[in-house]
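K.L.:
In numbering that gives the first Met the number 0, the protein residues as written are 0 to 131.
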Amino acid sequence: MSLITGYAAALLFALNLSMYALFYIIRKSSSRRVRIYVARYTRQIMKSHSAVGIAGSFAIILHIYTVTDGGSFFASKPVYTTGVVAGIFLILTLLSGYLRSRKANGFRRRNHQRASLFFTLTVIVHIIMSSL
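#1: When you compare the CB positions of threonine 65 and serine 130, do they come within less than 9 Å of one another, or not?
#2: Secondary structure at methionine 0, three-state DSSP: helix, strand or coil?
#3: Keeping to the same chain, check which residues put their C-beta closer than 6 Å to that of isoleucine 53; ignore five residues upstream and five downstream.
#4: Leaving out five residues before and five after leucine 14 in sequence, what residues of the same chain have Cβ atoms less than 7 Å from its Cβ?
#5: Less than 9 Å separating the beta-carbons of alanine 7 and serine 56?
#6: Out of curiosity, what's the CA-to-CA distance linking glycine 96 and proline 77?
#7: In whole angstroms, give me the CA-to-CA distance for leucine 98 and serine 30.
#8: Taking the beta carbon of glycine 105 as the centre, do at least 16 other beta carbons fall within 10 Å, making it buried, or is it exposed?
#9: Counting Cβ pairs closer than 8 Å, one from the segment 82-93 and one from the segment 28-47, do we hit at least three?
#10: Would you tell me roughly how many angstroms separate the C-alpha atoms of arginine 34 and isoleucine 25, rounded to the nearest one?
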């Protein structure tokens, strides 16, 4: 069960991470037609960005609950440590996303991007550690 909730959470956050790729295409594309098409598509997806992030967070909470069997755990394994670090970066990502939704500016956008980048990197390390 913990594997299923972990994969569900990874899938939901990968969906949200794809927003960065869409914004990159909008910035770097030389074709105006492509930029307009991707921007319209991104506007539609952006409406569900917060909801997908919250659903992914609940999947992560279920993953934590199933891994620890509802009790506490000790950081005796490296996979637990990377999971805790990923959880800290998840909290930072959610907090920066909330602050960005209240008042958007470049500083908050960059903070949200950096927090989500570090969260993604620690999740990748967590997945690699769990497969060893």
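Cβ coordinates follow ideal geometry from the N, Cα and C atoms, glycine included.
P.N.:
In brief:
#1: no
#2: coil
#3: none
#4: Val51
#5: no
#6: 28 Å
#7: 33 Å
#8: exposed
#9: no
#10: 5 Å
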